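Visitor: Protein chains in written order, with the working numbering: chain U, 244 to 516; chain Y, 244 to 516.
Protein chains: 2
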Amino acid sequence: MTLEKYFKEKKVIVDKALDSYLPEAKAYPSVIHQAMRYAVLNGGKRFRPILAIAATEALGGTIKDVLPAACALELIHSYSLIHDDLPCMDNDMFRRGKPTVHKKFGEAIAVLAGDALLTQAFHVLASMKNSKLIQRLVPEIAHAVGSHGMIGGQVVDKQISLVKRPQLPEISYVNISKTGQLIRVSCLTGAIAAGADKKTEKTISDYGECLGFSYQIVDDIIDSDGFVRIMSRHEAQDEARVLTERAKKSVKILGSKANRLGEIADFVLNREG
Amino acid sequence: MTLEKYFKEKKVIVDKALDSYLPEAKAYPSVIHQAMRYAVLNGGKRFRPILAIAATEALGGTIKDVLPAACALELIHSYSLIHDDLPCMDNDMFRRGKPTVHKKFGEAIAVLAGDALLTQAFHVLASMKNSKLIQRLVPEIAHAVGSHGMIGGQVVDKQISLVKRPQLPEISYVNISKTGQLIRVSCLTGAIAAGADKKTEKTISDYGECLGFSYQIVDDIIDSDGFVRIMSRHEAQDEARVLTERAKKSVKILGSKANRLGEIADFVLNREG
């Protein structure tokens with residue numbers, strides 16, 4: 244199966260599951276549920292859940308093993324975008340060509356819809372049958388998206404947006420933390436859900452770290468931001484290429500069943516949006 | 244032991260545990276960690292964690308059984324106050340006589356510190372040793388503080404703040420959801436941590452529901468808001484008294500070991516701040 248077809252197939256499954264994990268739009272008080280659904284069911288690529296699924300499948304697990312956790316990762320991604328777009332953050336008016344949540348529903352509802360999606364993410368995670376899995380996944384995911392991870396990255400991103408000449412350590416921190424940590428933990432979630440041993444978990448986490456870093460550098464090249472503020476596009480592309488090779492190398496040890504993960508690393512490097 | 248002494252003793256233990264569950268102020272990026280600590284370690288009464296502890300102890304459990312979950316409830320309470328105080332919400336400048344988080348650290352950091360505390364709450368919850376307990380508590384708490392609970396209450400509270408004559412159903416919904424649900428689930432958390440049977444869980448949850456509702460009515464009387472916008476202070480006081488009696492009656496079945504819970508219900512009714 245081509246990677247394009249793989250993405251398409253998984254996206255259908257993830258979209259359907261996300262719909263089932265979100266409260267109905269008419270449930271009282273409906274405006275918050277409308278806003279939650281507007282933010283999540285918006286034609287997103289579902290890259291993070293599909294990554295978790297691909298990691299699980301590469302290690303012999305099935306999509307069923309990981310689907311709630313994969314959807315929780317997407318709910319977290321969605322909440323982070325709502326809060327990132329707020330007037331006090333990036334003050335973005337449009338996302339994927341549609342008004343941002345605060346533009347459509349007002350700022351208060353946008354803050355609360357983000358809060359509700361983050362809360363719902365942990366609710367969905369804890370709906371998994373295996374309690375040991377919940378006990379492993381909640382701390383891993385909370386750490387990756389908390390003040391030492393994704394949120395920390397947003398803090399530093401906000402700080403460097405206000406300075407003229409940001410420094411490499413801060414930009415690297417933002418790239419590793421803001422985008423990279425959620426991508427890394429998406430891969431790790433797949434490995435944990437597949438019941439991988441500690442060594443394999445580490446392999447997948449290393450892969451995810453390189454992948455997340457290269458994902459953000461490619462974003463920077465597309466948006467002319469971040470890395471591209473302190474180095475040339477050419478240098479940034481080289482950096483992303485090195486990370487892609489490192490990502491692919493780290494999963495080589497898993498053999499041919501991990502081919503899909505290698506393809507995904509190349510896809511991340513070569514995407515144009 | 245008097246209730247006052249009981250509160251004092253438990254507060255010392257809760258404050259120490261909260262301190263240990265929060266990232267150090269100097270951890271990078273330090274501004275977010277300073278903001279998180281500023282919001283939580285602020286001399287709060289710790290009513291919700293102490294309620295969870297009192298419920299556990301009433302059912303034969305120990306403080307150790309419930310302490311992480313009790314602290315998670317306080318982290319959630321703290322995050323909700325930060326976001327509630329934001330300019331787009333209540334636009335409050337002071338809390339307990341000190342500048343609110345957004346006033347002191349800026350709006351972006353306030354949004355992110357709230358997000359980080361909510362995330363940390365689930366991290367702390369999942370640090371409990373018993374995985375079955377985590378599997379029970381995460382969904383109960385997430386439901387109580389999500390879009391069908393606390394957040395839903397905040398949505399409707401915001402809506403009625405904009406109308407001249409709010410109606411009783413909306414005001415009741417706000418009181419039950421915005422404050423009441425977290426208080427109810429604090430009691431329930433104590434029961435679950437103590438390993439109570441389903442019937443006892445229900446008893447404690449009913450107690451918590453009446454307690455939470457009366458807590459908010461007393462708040463309304465103190466702040467001349469909410470219930471006091473549509474009925475006299477006298478009528479509101481009567482309502483709170485009825486709820487207090489119902490709360491006390493519901494835990495009578497547990498015998499003398501639940502005396503403390505009765506005392507707490509009276510305390511909530513008679514407090515002046």
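Each residue gets a CB set at the ideal place from its N, CA and C atoms; glycine is no exception. Predicted model only: the values in this text are computed from it and were never measured.
Buried or exposed: U/Glu-515, going by 16 or more other Cβ atoms within 10 Å of its Cβ?
Guide: When all chains shown are included, U/Glu-515 counts as exposed.
Visitor: Please state if the CB of Y/Ser-321 and the CB of Y/Leu-376 are separated by a distance shorter than 7 Å.
Guide: No; because the gap between Cβ atoms is not below 7 Å, this pair is not in contact.
Visitor: Could you tell me which of U/Ala-501, U/Tyr-281, U/Leu-454, U/Gln-378 sits nearest to U/Lys-346, measuring between CA atoms?
Guide: It is U/Tyr-281 whose Cα lies nearest to the Cα of U/Lys-346.
Visitor: Are at least three pairs of beta-carbons, each pair with one atom in the region 277 to 294 of chain Y and one in the region 419 to 434 of chain Y, less than 8 Å apart?
Guide: Yes, the region 277 to 294 of chain Y touches the region 419 to 434 of chain Y.
Visitor: Which partner residues of Y/Pro-342 appear in the DSSP bridge assignment?
Guide: Y/Phe-337.
Visitor: Straight-line CA distance for U/Ile-384 to U/Leu-425?
Guide: Taking the straight line joining both Cα atoms gives about 8 Å.
Visitor: Of all the options Y/Ile-394, Y/Arg-408, Y/Lys-407, Y/Cys-314, which has the alpha carbon lying nearest to the alpha carbon of Y/Gly-423?
Guide: Measuring from the Cα of Y/Gly-423, the nearest candidate turns out to be Y/Ile-394.
Visitor: If we define contact as Cβ-Cβ less than 7 Å, is U/Ser-321 a contact residue for chain Y?
Guide: No, U/Ser-321 does not count as interfacial toward chain Y.
Visitor: What residue does the alpha helix (DSSP H) around Y/Lys-421 start on, and which one ends it?
Guide: Counting along the chain, Y/Lys-421 falls outside any alpha helix (DSSP H), and DSSP gives it neither H nor E.
Visitor: Roughly how far, in whole angstroms, is the beta-carbon of Y/Thr-487 from the beta-carbon of Y/Asp-509, given that I think they are within contact range, below 8 Å?
Guide: Between Y/Asp-509 and Y/Thr-487 the Cβ distance is about 7 Å, and since that is below 8 Å, they are a contact.
Visitor: Of the choices Y/Ser-448, Y/Gly-455, Y/Thr-305, whose alpha-carbon is the least far from that of Y/Ser-415?
Guide: Checking every option, the nearest Cα to that of Y/Ser-415 belongs to Y/Gly-455.
Visitor: Can you name the residues of chain U whose CB is closer than 9 Å to the CB of Y/Leu-329?
Guide: Going along chain U in sequence order, the residues near Y/Leu-329 (Cβ under 9 Å) are Cys-331, Glu-350, Ala-351, Val-354.
Visitor: Is U/Val-255 buried or exposed, if buried means 16 or more other CB atoms sit within 10 Å of its CB?
Guide: That one is exposed.
Visitor: Since Y/Thr-209 meets chain U, which of its residues come closer than 8 Å, beta carbon to beta carbon?
Guide: Because chain Y is modelled from 244 through 516, residue 209 of chain Y falls outside the range shown and cannot be assessed.
Visitor: If you run the structure through DSSP and keep just helix, strand and coil, what is U/Lys-288?
Guide: Coil.
Visitor: Helix, strand or coil: how does DSSP classify Y/Asn-373 here?
Guide: Coil.
Visitor: The alpha helix (DSSP H) that contains U/Phe-510, what's its start and end?
Guide: Here the alpha helix (DSSP H) through U/Phe-510 covers 502 to 513.
Visitor: Using 7 Å as the limit for Cβ to Cβ distance, is Y/His-477 near chain U?
Guide: No, Y/His-477 does not count as interfacial toward chain U.
Visitor: In this structure, does DSSP put U/Tyr-249 in helix, strand or coil?
Guide: Correct three-state label for U/Tyr-249: helix.
Visitor: DSSP three-state call for U/Thr-299: helix, strand or coil?
Guide: U/Thr-299: helix per DSSP, three-state reduction.
Visitor: Taking the alpha-carbon of U/Asp-468 as reference, which of U/Ser-404, U/Asp-335, U/Asn-334, U/Ala-387 has the nearest alpha-carbon?
Guide: That would be U/Ser-404, whose Cα lies nearest to the Cα of U/Asp-468.
Visitor: Could you check which residue in U/Leu-261, U/Ile-296, U/Asn-513 has the C-alpha nearest to that of U/Gly-287?
Guide: Closest option to U/Gly-287, Cα to Cα, is U/Leu-261.
Visitor: Could you check whether the Cβ of U/Pro-342 sits closer than 7 Å to any Cβ belonging to chain Y?
Guide: Not one chain Y Cβ lies under 7 Å of U/Pro-342.
Visitor: Just tell me which of Y/Ile-275, Y/Ile-464, Y/Val-494 has its CA closest to the CA of Y/Gln-480.
Guide: Checking every option, the nearest Cα to that of Y/Gln-480 belongs to Y/Ile-464.
Visitor: Let's test the definition: count the other Cβ atoms within 10 Å of the Cβ of Y/His-477 and tell me whether it reaches 16, buried, or not, exposed.
Guide: Per the 10 Å Cβ criterion, exposed.
Visitor: Secondary structure at Y/Val-406, three-state DSSP: helix, strand or coil?
Guide: Coil, per DSSP.
Visitor: Quick one: Cα of Y/Lys-500 to Cα of Y/Ile-325, how far?
Guide: Roughly 36 Å between the two C-alpha positions.
Visitor: Return helix, strand or coil for U/His-391, following the three-state DSSP convention.
Guide: Coil at U/His-391, not helix or strand.
Visitor: Please list, in chain order, the residues of the region 255 to 279 of chain Y that have any C-beta partner in chain U closer than 8 Å.
Guide: Correct list: Pro-266, Ala-270, Tyr-271, Pro-272, Val-274, Ile-275, His-276, Met-279.
Visitor: Pick helix, strand or coil for Y/Asp-468, following the three-state DSSP scheme.
Guide: If DSSP states are grouped into helix, strand and coil, Y/Asp-468 belongs with coil.
Visitor: Residues of the region 403 to 424 of chain U with a CB closer than 7 Å to any CB of chain Y: list them in chain order, please.
Guide: Those would be none; no residue qualifies.
Visitor: Quick check on DSSP: helix, strand or coil for Y/Gly-304?
Guide: DSSP places Y/Gly-304 in coil when its eight states are reduced to three.
Visitor: What does the alpha-carbon distance come out to for the pair U/Ile-306 and U/Glu-300?
Guide: The straight-line gap from Cα to Cα measures roughly 7 Å.
Visitor: Counting C-beta neighbours from all protein chains within 10 Å, is the total for U/Ser-475 16 or more, i.e. buried, or is it exposed?
Guide: U/Ser-475 is exposed by the Cβ-count criterion.
Visitor: Distance, Cα to Cα, U/Cys-314 vs U/Lys-253?
Guide: About 12 Å.
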